[in-house]
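Colleague: The sequence shown lines up with residues 45 to 139 when you count with our numbering.
By construction, the Cβ of each residue, glycine as well, lies at the ideal position given by its N, Cα and C atoms.
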Amino acid sequence: MNDGGLYLVAALAVAWLAVWPFRARIVRLVREPTPRFLAACRLAGCIARTVCGVASLVLVWAGLFTPGVSWLYAVLGVVVLALNGLLYLGGRWPR
């Protein structure tokens, strides 16, 4: 396993250990969310949406303009960007 994979496994393990003591409270919040919890989820969603959009633009840029990088990364970036664009549609889901 390379260093990146090891860091990912370590980060997931630390996150799991940090969340484990609060699992009952998290389950209760998911089943009966408070307005504050919903606001925190909305904020986390906005941050994740922005990070995903920027990452897909980096993929497109690398796939199109970086020598030695396959053009398939640009295609992947466009697909991810299109799927990310669906998150910006308004309205209540599911309908």
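Output yes or no for whether 7 Å exceeds the beta carbon distance between Tyr117 and Ala99.
Modeller: No, the pair does not count as a contact, with Cβ atoms beyond the cut-off.
Colleague: If we ignore side chains and look at the alpha-carbon of each, how far apart do Phe66 and Leu108 end up?
Modeller: Distance between the alpha carbons of Phe66 and Leu108 is about 45 Å.
Colleague: Beta-carbon within less than 8 Å of Leu101's beta-carbon, same chain only, minus the 5 sequence neighbours each way: which residues are those?
Modeller: Excluding positions up to five away in sequence, the list reads Gly121, Leu125.
Colleague: Do Arg93 and Leu131 have their C-beta atoms closer together than 7 Å?
Modeller: For Arg93 and Leu131, yes; Cβs fall inside 7 Å.
Colleague: Start and end of the alpha helix (DSSP H) containing Thr94?
Modeller: Start and end: 79-109.
Colleague: The alpha helix (DSSP H) spanning Tyr117 covers which residue range?
Modeller: Per DSSP, Tyr117 belongs to the alpha helix (DSSP H) from 116-130.
Colleague: Can you give me the start and stop residues for the alpha helix (DSSP H) that Val58 sits inside?
Modeller: Residues 47-63.
Colleague: Quick check on Leu103: buried or exposed, where buried means 16 or more other Cβ atoms within 10 Å of its Cβ?
Modeller: Result: buried.
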